[in-house]
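Quick note, the sequences are listed as chains A and B, same order. In terms of the numbering used here, the first sequence opens at residue 199 and continues consecutively. In terms of the numbering used here, the second sequence opens at residue 2 and continues consecutively. Glycine included, C-beta positions come from ideal geometry on N, C-alpha and C.
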Amino acid sequence: GENVEQHPSTLSVQEGDSAVIKCTYSDSASNYFPWYKQELGKRPQLIIDIRSNVGEKKDQRIAVTLNKTAKHFSLHITETQPEDSAVYFCAAPFGGATNKLIFGTGTLLAVQP
Amino acid sequence: GAVVSQHPSRVICKSGTSVKIECRSLDFQATTMFWYRQFPKQSLMLMATSNEGSKATYEQGVEKDKFLINHASLTLSTLTVTSAHPEDSSFYICSAKAGGGTGELFFGEGSRLTVL
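Here it is in structure tokens:
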């Protein structure tokens with residue numbers, strides 16, 4: 199079925215430490231994997247995405263890795279800052295041509311100053 | 002980047018009434034839009050895929066007669082919550098893709114519905 203699992207559900211780190219969030223997906227045909235950041239009461243904002251033809255992508259302090267064989271992908275945030283505190287969602291497409299995005303359960307990241 | 006606008010941002014209504022939420026793609030055409038629902042401290046749950054000029058495709062467990070979706074133009078999709086009940090209170094968010102195939106999903110601002 200259409201399933202995206204995300205761990206952990208909550209993550210607390212000290213400012214400057216790294217944070218890692220992991221997701222697994224069920225559809226081997228999925229080929230696009232975005233990560234969203236959502237602040238309270240706001241819309242989700244895309245922070246990074248990766249396509250299935252690469253294994254890693256980096257954008258400053260944020261990186262995403264993809265293991266298609268194992269069907270999992272991870273978000274890595276280095277040198278965390280208090281403003282990184284938010285809920286993070288992974289997502290994966292299902293449904294062939296429509297490519298509807300199914301979201302993971304979310305991770306509440308708290309960066310302690 | 003592409004802009005998706007959603008209106009109203011907040012709405013309060015009485016039980017039994019209907020509420021319409023609009024989702025517009027402002028600078029691109031969207032043949033497909035998606036409607037999500039988000040309860041407090043939970044994830045975004047896909048409700049339906051809105052297809053321009055045809056019927057929406059609803060996810061399992063979503064009542065199509067309760068959540069009416071209309072996608073009459075390439076820039077506008079509407080979600081009508083009919084005969085609203087307190088359990089329908091939620092954050093409803095629309096989204097759309099700019100361009101075909103797999104691509105970035107752009108979200109509206111969301112609409113917080115409170116049913117009294």
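Could you check how far apart the C-beta atoms of residue 26/B and residue 97/B are, in whole angstroms? I think they sit under 8 Å.
-> By one-based count along the second sequence, residue 26/B stands at place 25. By one-based count along the second sequence, residue 97/B stands at place 96. The pair is a contact, with the Cβ atoms about 5 Å apart (cut-off 8 Å).
Residue environment, residue 232/A, which counts as buried when at least 16 other CB atoms sit within 10 Å = Numbered from its first residue, the first sequence carries residue 232/A at position 34. Using a 10 angstroms sphere on the CB of residue 232/A, the tally of other CB atoms reaches 16 or more, which defines it as buried.
Spatial distance of residue 33/B from residue 311/A (CA atoms) | The residue labelled residue 33/B in the question sits at position 32 within the second sequence. The residue labelled residue 311/A in the question sits at position 113 within the first sequence. The alpha-carbon atoms of residue 33/B and residue 311/A are separated by roughly 42 Å.
Does the beta-carbon of residue 122/B have 16 or more other beta-carbons within 10 angstroms, so that it is buried, or is it exposed?
-> As displayed, chain B neither begins before 2 nor continues past 117, which places residue 122/B out of reach and without an answer.
The stretch 199-218 of chain A contacting the stretch 246-255 of chain A, beta-carbon criterion three pairs below 8 Å | No: fewer than three Cβ pairs fall under 8 Å.
Pairwise C-alpha distance: residue 44/B and residue 38/B = Here residue 38/B refers to the residue found at position 37 of the second sequence. Here residue 44/B refers to the residue found at position 43 of the second sequence. Rounded to whole angstroms, the gap between the alpha carbons of residue 38/B and residue 44/B is 8 Å.
Going along the chain, which residues of its own chain have a beta-carbon closer than 7 Å to the beta-carbon of residue 276/A, five neighbours each way excluded?
-> Taking the first residue of the first sequence as position 1, residue 276/A is located at position 78. The answer, listed in chain order, is 216 and 259.
Those runs of the beta strand (DSSP E) which lie wholly inside the stretch 238-275 of chain A and span at least 3 residues = Runs of beta strand (DSSP E) with 3 or more residues, each lying fully within the stretch 238-275 of chain A, are found at 243-249, 254-257, 260-265 and 270-275, listed in chain order.
Residues near residue 65/B in its chain [Cβ-Cβ closer than 8 Å; skip 5 each side] | Residue mapping note: residue 65/B aligns to position 64 of the second sequence, counting from 1. Once the five neighbours on either side are set aside, the close Cβ partners of residue 65/B are 49, 57 and 59.
DSSP state of residue 280/A, grouped into three classes?
-> Taking the first sequence and counting its residues from 1, the one referred to as residue 280/A is at position 82. When secondary structure is reduced to three states using DSSP, residue 280/A falls in the helix class.
From the DSSP output, read off the bridge partner residues of residue 79/B.
-> Here residue 79/B refers to the residue found at position 78 of the second sequence. Beta-bridge partners of residue 79/B (DSSP): 23/B and 71/B.
Does residue 298/A come within less than 8 Å of chain E when only Cβ atoms are used?
-> Looking at the structure shown, chain E is missing, and the protein chains on hand are A and B.
Measuring CA to CA, which of 304/A, 274/A and 264/A is closest to residue 226/A?
-> Locating residue 226/A in the first sequence gives position 28, where the first residue counts as 1. The option with the nearest alpha carbon to residue 226/A is 264/A.
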